[in-house]
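Chains as they are written, first to last, in this note's numbering: chain A, 20 to 436; chain B, 20 to 436; chain C, 15 to 270; chain D, 15 to 270.
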Amino acid sequence: MDLFDFEPGREGYYGEYGGCFLPEILTTTIEELKAAFQDIKHDPSFWQEFEQLMQSYSGRPTPVSHLANLSAKLGGAQIYVKREDLNHTGSHKINNVMGQGLLCKRLGKKRVIAETGAGQHGFATATMAARFGFDCKIYMGAVDVARQRPNVFWMENLGAEVVAVQDGQQTLKDAINECLRDWVTNMHDTHYVLGTAAGPHPFPEMVSYFQSIIGREARGQIQKVAGKLPDRVFACVGGGSNAMGLFQGFLDDQQVELIGCEAGGLGPGEGNHASRLAYKDASVGVAQGFKTYFLQNKDGNMLHTKSVAAGLDYIGVNPALVHLWERERVRFEAVTDAEVTEALKLCMKTEGLIPALESSHAFARAIEEAPKMSKDEVILINQSGRGDKDIFTVADALDDDHWKEFIKVKAEHYGAE
Amino acid sequence: MDLFDFEPGREGYYGEYGGCFLPEILTTTIEELKAAFQDIKHDPSFWQEFEQLMQSYSGRPTPVSHLANLSAKLGGAQIYVKREDLNHTGSHKINNVMGQGLLCKRLGKKRVIAETGAGQHGFATATMAARFGFDCKIYMGAVDVARQRPNVFWMENLGAEVVAVQDGQQTLKDAINECLRDWVTNMHDTHYVLGTAAGPHPFPEMVSYFQSIIGREARGQIQKVAGKLPDRVFACVGGGSNAMGLFQGFLDDQQVELIGCEAGGLGPGEGNHASRLAYKDASVGVAQGFKTYFLQNKDGNMLHTKSVAAGLDYIGVNPALVHLWERERVRFEAVTDAEVTEALKLCMKTEGLIPALESSHAFARAIEEAPKMSKDEVILINQSGRGDKDIFTVADALDDDHWKEFIKVKAEHYGAE
Amino acid sequence: MALNDYIASRKQNKDLLLMTHVVCGYPSFDANLKELEIMAEAGVDFVELQFPFSEPSADGPLFVKANQIAVESGVTVEQCFEFMAKVSQRFDFKVLMMGYYNTVFKMGHEAFVDALKAAGGCGFIVPDLPLEEAGTLHEYAKSQDIAPIVLMTPTNTDERLQTIAKAADGFVYVVARRGVTGGKTEMDAEVGEFLDKCRDISPVPTGVGFGVSAKEDLDFLAKHADMGIIGTAALKAWEEGEEKALREFFGSLGLL
Amino acid sequence: MALNDYIASRKQNKDLLLMTHVVCGYPSFDANLKELEIMAEAGVDFVELQFPFSEPSADGPLFVKANQIAVESGVTVEQCFEFMAKVSQRFDFKVLMMGYYNTVFKMGHEAFVDALKAAGGCGFIVPDLPLEEAGTLHEYAKSQDIAPIVLMTPTNTDERLQTIAKAADGFVYVVARRGVTGGKTEMDAEVGEFLDKCRDISPVPTGVGFGVSAKEDLDFLAKHADMGIIGTAALKAWEEGEEKALREFFGSLGLL
Ligand SMILES: Cc1ncc(COP(=O)(O)O)c(C=O)c1O
Ligand SMILES: Cc1ncc(COP(=O)(O)O)c(C=O)c1O
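The structure is reproduced here in C-alpha cells:
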C-alpha cells in the first residue's frame, strides 16, 4: 500500500483527511517545500546521505531488544522493543529533524523554527541547528516549559532561543500556532521544522518519510531476532510520527496488527485526555493547516487536553492514521496516566529500560495485551524516547520524597546566593 | 603489546603497578573471580555473547562522528569523536557492567554491589541488575549523591538501594571503601561490580577487557571515516576505564599518540585537583587493593581531591596507564574546571553534542591542541558519556538564572504540598 | 452582483472606502455595539465581524487574546450570527463574517452560507482556506449572492495572483505585508507598486489590510487601492480607553 | 623467638590471654594513655596500636570514624611511633603495630621495621597485605625479631590455611567471621569447629578477634583458642562513658 500515491487533485489527502489549509501568503513557500521534498524523495543519493548522517551522528540503526524478563513475567507473547531512545538527543524526533535539516540546506535557508511539547523535538531541532549552523527559535507552551525544564535548559545551551508561549492552553497546539505566526512573517529565510506527522501537506508525508527509517530497520531486525514478523506492533500516538515511522515497515503485512496508543489522561470525557480516536470525544475538523479528527466542541473550538505525557498532549492526529483506522488497518487504544506510571515502573524494574512517558503508553497497552496472547506470538513496541527528560514529571507522579527534599535544598542554596 | 601477558609471579602487575592487596578473607572470592574471568577470556563464544548483548541492548557499535564544524573553527586537525554517550544509560560504563553481569551469572551470584562517583556506573549497574534479576546496592559518596541526584533517582527507580556514604571526603574513594566492607561480609552471594579499571587484580584487567570493545570498534571506524589512523587519541582518566578501553585499540600503533586527560580542578597544588600523573602532587602507594600513583601525603594518607566532574574525582589511577606513562606510551595532561566548562559550551553550540563533564576534559585538551596541528592530522576523542546527568552541575557552572528560578518555583510547590 | 453596486455607489462620495473589524463578544457584545456605533458615525463602509476561534494562528497578539477570551467566555457561533443579524439591521455599513475555516467546516458549507445570508451578511473572509479547498463553498456562496473574499499577498507569484483574481468576488483583500495582523506596515514605494499590481490584476475593487493605522496610511492607500482595512489599530484604541479613545482614533483619521 | 616465650609464660597463669586495641590519637593520645592504664590494670597481654589511615576499608563504623578523626586532627606516623615508645616503656603488656599497608609501604619496609623495633613493638598486623605481597617485609621483620602476624579466616580453604600456617610467627590472628570489625559474632558450634581447626593447623598460638565483647565470648574462646582479641567493644565503652565505662566494661569481663 502506498499511502503517498495520491489521487490526482487529492494531493496530501489520505482518504478524507489531510490537505493543506494555510494562509495564502504561505502558498509559495509550501510549493517550494513540496518541490524540494519531491526532489529528495526521488533522488536515490539522498536517502543514502540521510542514512549515513543518522548512522554517524545519531548511532543508527537502533537495535531491537528482546524483553525476556517482562515476557516471562506476563506469561504470554514475546515482547520486543525498537530502541529509538538510543538515538542522539534521546528520541525518534532526531530522525525527522536531521532529514529536514538536510532539506533546509537545499532550500538555502539559514533559520529554523520549531514547536515542541515534550521538548524532545525542540531539543532535537536545537541540536540539528547547532550541527548545521542555523539560527534557531523554539516555541514551547508555557505549561510544557514548566514540566520539561531539563530539555529547555539544553536547548538554550545548544544556542536556541526558547519562547514560552502564553496563549491558549499553553501546550503543543499553541506552540504550533506561534510557529505558524513566525513562519508567515519570516518564510523568506526560515524553514519551519514541524515535529510530528501532522499539519499541512507536505508535513505529514515528509515527516513520515524521514521516520520510516524506524520501520525499515525494524522489519528486518524483528524477523532476525524473533524469527518471524510481529503479531502486534504498538506505538504511542501524539501527532503520529513515531507510529507512522514504525507502522510503515509493516503496512503491507496484513497479518501484523498495528495498534496506536493515545493519551487517555484521566479517562474518557471532554477535557480529560488527548485521545482523538480511541475515545469518542473528537470529530473531524480543519485546524493548524490540515483536516483530521480534533478534540473540539460543536462550534469547532478546541477542547482542553490532558496527559502526563507532554508529547501526546495534542488535539489532532496524523491524517494517514485516521484513514488507516477507518479502514481498520490500525487499531486505536487509549491509556490512562495511571496505567502509564505502572508500566514505567514495571519496565524499569524488570528490564532496566526507562521509556519516556510518551512511549510508556505503548508499553502499557502491550503489557495489558501480552498475557492474553500465546507464547509463540510476538509483540513489537516502539520505545520512541528515553525518560530522562521526564525526571520532574516522573518524580511527581511517583511522589518521590528524596527528590523533593533534594529540590528544596537546592532551592535554598540558590536563594542564599 | 599484550599488557595482560603477565610475567610468572607478577600476575596483575603492569611494571611496578597493580597487584592485589586485599584482606585474607577475600582470597577465595578473588581466586574464584580470577578463574571465572580467565574462563570467559579464553572462551571464544563469550565475546560473541557479550557483543551480541551490547548490540541488542545498548545499541553497539557506537559510531565515530566527524566534527567538521569544530575542526573548521579551530583550523587545525580534523576532529572525530567515539560516541560512547549513545550507549544505553548514557556512558561507556555499561560495557563493563554488562560484561560483569554475564560473569556474575556464571559465578552463580544473585546480588551485586557497586560504588559510583558520577552516578553513571551506579546507573549502569542498577540497570544491569534489573535486566539480570540481581539484587543491587549502590554505594555513593554523600557529596556525589548531592551533585548527581538525577542518577540517584533513576537508580532507585530501577530497583537499586542507594547508600549515601558519609565517611571520608564522601566521594568515589569512600564509596569504594564501603563496597569493600560490604564485600568482605557478603562475598558468598555477592559480586562486587567495580566500575573502573582500578582496584585489586583482576579488576583492572577485567574492566579493561570489557571496555576494549570501544577501541576494537574505533580502530576500524576511524580508518574508514578518516582514511587513516588518528594522530592523537584523547580520553579522560578517572580510574581509567574509558581511556583503557579506547587506547587498547591503538597500543600497537606507535604512530598514534595517546593522551590521558585528568581532572585539573582549580589547578596544581595539593587538594585542588584529582590529577595523579599530569601534576606532581601524587606518589606511589598501596590502597583500595592495588599499587599505583595516589594523591597522598608523606604518611600515605590520601589528600582531598577536587573536580567539577564527579567521575574523575578519584585519588588513584589504573596501574597499566601508569606503566604506559612511564614508558612514554601515554602522555598525561590535566584540564581545569574552567577549561572544561568552556569546552562543553563550545561543543554544544558548534556540534550539538553534550559531552559529560568527565568527557569534556578530553574535548578541552583536544580543542587546545587541534589548532597547532596540521589540517591533514586526525584527532579522536572519546565521548565517554552524555551530559544530561550533569544538569545540576552544569547549570551551576554556567550560573543559569532560568534554571535556578525553575528550581525555586518547584521547591515552593513541594513546600506547599 | 450586489456588492459591486454597493461599492460603486459608496465610492462616488470618497476616494477610499473603509472596512473595520470587531471580534464578536470581545470584550462583550455590548461593547461591540458601542464600537460599531462609533464606526458607523465615522462612516465606515464595511465591518468584518470575526467569529472567535480557539486557534487563531494567522492573528497577532491583540486579536489572539481577543479570540481566546471570547472563546473562554463561551461565545458561540449561534450568538455571533444573532449579533450579525442585529448589526446588519441596525447599521448602514455592510457586514462580513471573518473567521477560520473550522467554524465554517463544522457547520457545513451550505448551512454556513444560509445562516450568513439570513443574518444579513454580504460575504466572508476565511484566511486559512486556500482556493484549492474552497470550491464547493465558494460556488454555493456565489449562488446565494454571498461574496467569498479572496486574498492577495506580497509573496504570491504573478501567475498565482492571476489565479486568485479569477476567483475574486466583491472585493479582493490585499495583504500589505508578511506576518500576522497587528504589526506596522511601512507604506513605501515597494508596497505601492505591489498594490498597483493587485489593483491591476483584480477584476474587482481592492481593499488593503495589515498594519493600516494612521491618516498617512489612508492617504497613501487612496492612491493605490479602493479600500483601507483597519483591524488591530481600532481594537488597540478601544483597549486603551474604550469609547473615548476609539472616537479619538477615528478623529485622528479625519473621520470624526 | 621472643614472642613465643612471652606467650608461654603468660599462659601459665591463665587459660586465655587477652589483646586489646587502641586507635592512636583518637580521641587523643592522652585519652589513649588513660585507656591503656585501665587495660594494664585488667591484665591484658597485648595491645594493638592502630596507626590511623585515611582509607580503613577493613574496619567497621566505629573504627572508621576513629581513623578519620585521628587523620583529620593531624596524627602522624612519627607521633604514633613516639607514642608506642612511651607505651612500651611504661607498661608490662606487649605492643604491636596494627594498620594498613600503605603506612608501611610509604616508610619502606626496613625503615618501618627498624622504627617499630626502636619503639619497643614486638610485631605488626597489616590486614590488607596478603602473603603473596609480604615476602621482603616479613623476611626482614623476622630477621629483626619482629613478628609479622598473619590472619586465618573462615573463607579460607584448608590448603590456604596450611599456607598461612607456614608463614605464621608469634601468633595467628583468627578472624571469627566474615565482615569488618565491630559486628557481633555468634560464638556457636560452627565457630568453635573453625577455631579448633585453626589451632590445629597453626604452629603458633591463636588469637581470635572480630566480635569478641562479653564474658561468655571469652569463656567460649578459652576452649578453642589461646587468646581473645577485643577491639570495638572497648572503644564503644570508652565512647559511652570514658574511664568509668571502660572500667565497668573490663569489670563485666571479670578482669577488674
Ligand atoms: C519520546 C516521544 N515519543 C512520542 C512523542 C509523540 O510524538 P509522535 O506522535 O509524533 O511520535 C513525542 C513527542 O514529543 C516524544 O517526545
Ligand atoms: C561519563 C564518564 N566518563 C568517564 C568517567 C571516568 O571513569 P573512567 O576513567 O573509568 O573511564 C566516568 C566515571 O564515572 C564517567 O561517568
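No residue lacks a Cβ here, since even glycine has one placed at the ideal position from N, Cα and C.
- The Cβ of F40(A) sits closer than 8 Å to at least one Cβ of chain C.
- Against chain A, the CB of Q82(C) has a partner CB under 8 Å away; the residue lies at that interface.
- Residue contact with chain A for P27(B): absent (no Cβ-Cβ distance below 8 Å to any residue of chain A).
- When C-beta atoms of the stretch 205 to 216 of chain C are compared with those of the stretch 247 to 267 of chain C, fewer than three pairs fall below 8 Å, so the two segments do not count as touching.
- Q97(B) is classed as buried because its beta carbon has at least 16 other beta carbons within 10 Å across all chains shown.
- Judged by DSSP in its simplified three-state form, I244(D) adopts strand.
- Per DSSP, the continuous beta strand (DSSP E) segment holding G137(D) begins and ends at G137 to I139.
- Using beta-carbon distances, L30(C) does not count as an interface residue toward chain A, since no partner is under 8 Å.
- In this structure, the straight-line span from the alpha carbon of T171(C) to that of T47(A) is close to 7 Å.
- At a cut-off of 8 Å, the C-beta of N316(A) has no neighbouring C-beta in chain B.
- When the Cα atoms are used, E62(D) and A301(B) turn out to be separated by approximately 30 Å.
- Close CB contacts of G225(C) within its chain, under the 7 Å cut and outside five residues either way in sequence, are with A190, R191, G197, K198 and T199 (chain order).
- A Cβ-Cβ distance of about 4 Å is found for the pair V256(A) and G279(A), placing them in contact under the 8 Å criterion.
- For the stretch 94 to 114 of chain B, the set of positions with a beta-carbon nearer than 9 Å to some beta-carbon of chain A reads R102, D104, L105, N106, H107, T108 and G109 in chain order.
- Under the three-state reduction of DSSP, D154(B) is assigned to strand.
- With contacts defined by Cβ atoms closer than 8 Å, R200(B) and V194(D) form a contacting pair.
- With its beta carbon less than 8 Å from one in chain A, G193(C) belongs to the interface.
- No Cβ-Cβ contact shorter than 8 Å links F351(A) with G335(A).
- Restricting attention to E289(B), K317(B), A329(B) and Q188(B), the CA atom closest to the CA of G258(B) is found in A329(B).
- At a cut-off of 8 Å, the C-beta of T204(A) has a neighbouring C-beta in chain C.
- Counting along the chain, M111(C) sits inside the beta strand (DSSP E) bounded by residues K108 to M112.
- Within the stretch 162 to 176 of chain B, the residues whose Cβ lies closer than 8 Å to some Cβ of chain A are A165, R168, P169, V171, F172, W173, E175 and N176, listed in chain order.
- V188(C) sits away from A148(C), with the two beta carbons spaced by 8 Å or more.
- Annotated as distal: P70(C) and L41(A), with beta-carbon spacing of 8 Å or more.
- Residues of the stretch 111 to 123 of chain C with a C-beta less than 9 Å from any C-beta of chain A: Y114, Y115, N116, T117, V118, F119, K120 and M121, listed in chain order.
- Excluding the 5 residues flanking it on each side, D208(A) has same chain C-beta neighbours closer than 7 Å at K128, K129 and R130, in chain order.
- Leaving aside the five residues that flank K229(C) on each side, the residues in its chain whose CB is nearer than 6 Å to its CB run, in chain order, L267 and G268.
- Burial check for P169(B): the Cβ neighbour count within 10 Å reaches 16 or more, so the residue is buried.
- Put simply, the CB of D186(B) is near chain D, with a gap under 8 Å to one of its CB atoms.
- Secondary structure note for K101(B): it is in no alpha helix (DSSP H), and the uninterrupted beta strand (DSSP E) holding it is Q97 to R102.
- Contact between S231(A) and Q267(A) holds: their C-beta atoms lie close to 5 Å from each other, under 8 Å.
- Counting only Cβ-Cβ distances below 7 Å, K192(B) has contacts in chain D at E69, in chain order.
- Beta-bridge analysis with DSSP links V85(C) to no other residue.
- The residue among T204(A), A194(A), A237(A) and I241(A) with its C-alpha nearest the C-alpha of G218(A) is A194(A).
- Look at the stretch 325 to 407 of chain A and you find these whole runs of alpha helix (DSSP H), each 4 residues long or longer: 338 to 345, 356 to 370 and 376 to 388.
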